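In our numbering, the protein residues as written are 41 to 356. Down below is the structure, laid out as structure tokens.
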């Protein structure tokens, strides 16, 4: 059944004239629109999605013309390979460019009339540690330009590798790129492991859809997840998706075992997170400090062992 999932920032207000959180017919494991207060009309949601995709397509064409390699991320990358158009809601578009291409990318976006979000205007481009930059069009539809896929040093994603391995994709008739299947799944796991870990209910559907719909090289995926320090977030995302999916989600047992943390942490994570009921506002009421604490549960085993030794306690 087609459905529209929640925006990328569940529980937070969208830009003016953007639809609210959930919308039109719900899928398995999702809350029906009738259960969500003030659910937007399906026509409004589709209109919003068309505008978001058109904005992304304009930006992708401008960046291609400027010879800036561009890779679609998140919802835009999933539309086509994992979802039909209109099946997944997204509040904005996301793309990845190389950090050395950032100035040319921003110049190209200004040329087509996009405006940097006000909070970003005073931040110099030389700050390479900044992971993303927000832009909007006259309708206040937002586009996030990423140069990093996660905050360092906790994670170490290979953005250059994602750009090099990207595969052809099309958005609103414009040719662009999206991450290779394994990279796509890893970017979803990284997005789930942010400080609002598992707050985004649609992330469960995203992971399940990618595993079910796309061929994956599990050996390469495990190797890459370890190199990115993303093994535990990926393991947890897969376990949570398995628990939440109506149909059996087939993940090789040896891949799960290779990604899993120590047994004590695995038990804790499954009890506290993977078995929790999906909610559009999970952890929304918690402070940023508590959400960062939850995200810390998915640090690498090496980081946990270092902390354990510092506290004269060894986690087996």
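Glycine is no exception: its CB is placed at the ideal position from the N, C-alpha and C atoms. From a predicted model like this one, the values you see are computed outputs, not experimental measurements.
Could you give the distance in angstroms between the alpha-carbon of residue i and the alpha-carbon of residue j?
| i | j | result |
| --- | --- | --- |
| residue 142 | residue 187 | 8 Å |
| residue 70 | residue 128 | Unreliable positioning characterises residue 70 in this predicted model, as indicated by a pLDDT of 37, which lies under 50. The coordinate reading is nonetheless provided below. Roughly 12 Å separates the two Cα atoms. |
| residue 305 | residue 272 | 10 Å |
| residue 292 | residue 177 | 44 Å |
| residue 181 | residue 257 | 36 Å |
| residue 93 | residue 126 | 11 Å |
| residue 131 | residue 260 | 32 Å |
| residue 29 | residue 197 | Residue 29 lies beyond the residue range present for the chain, which begins at 41 and ends at 356; the question has no answer from this structure. |
| residue 88 | residue 133 | 11 Å |
| residue 263 | residue 250 | 18 Å |
| residue 277 | residue 289 | 12 Å |
| residue 115 | residue 222 | 16 Å |
| residue 98 | residue 152 | 8 Å |
| residue 150 | residue 205 | 28 Å |
| residue 105 | residue 294 | 44 Å |
| residue 217 | residue 157 | 25 Å |
| residue 191 | residue 213 | 33 Å |
| residue 109 | residue 230 | 22 Å |
| residue 193 | residue 83 | 43 Å |
Where does the unbroken alpha helix (DSSP H) through residue i begin, and where does it stop?
| i | result |
| --- | --- |
| residue 218 | From DSSP, residue 218 is part of no alpha helix (DSSP H) but of the beta strand (DSSP E) over 214-218. |
| residue 282 | 271-284 |
| residue 265 | 258-267 |
| residue 177 | From DSSP, residue 177 is part of no alpha helix (DSSP H); its letter is neither H nor E. |
| residue 244 | 242-253 |
| residue 222 | 221-232 |
| residue 306 | 303-309 |
| residue 289 | Taken as a continuous stretch (DSSP letters only), residue 289 belongs to no alpha helix (DSSP H), as it is neither H nor E. |
Identify every residue that forms a DSSP beta bridge with residue i.
| i | result |
| --- | --- |
| residue 186 | 136, 172 |
| residue 209 | 216 |
| residue 112 | 135 |
| residue 155 | 176 |
| residue 119 | 123 |
Since I believe residue j is in contact with residue i (beta carbons under 8 Å), could you give me their beta-carbon distance rounded to a whole number of angstroms?
| i | j | result |
| --- | --- | --- |
| residue 183 | residue 309 | The pair is not a contact, with the Cβ atoms about 34 Å apart (cut-off 8 Å). |
| residue 136 | residue 202 | 6 Å |
| residue 120 | residue 209 | 7 Å |
| residue 228 | residue 243 | 6 Å |
| residue 248 | residue 285 | 5 Å |
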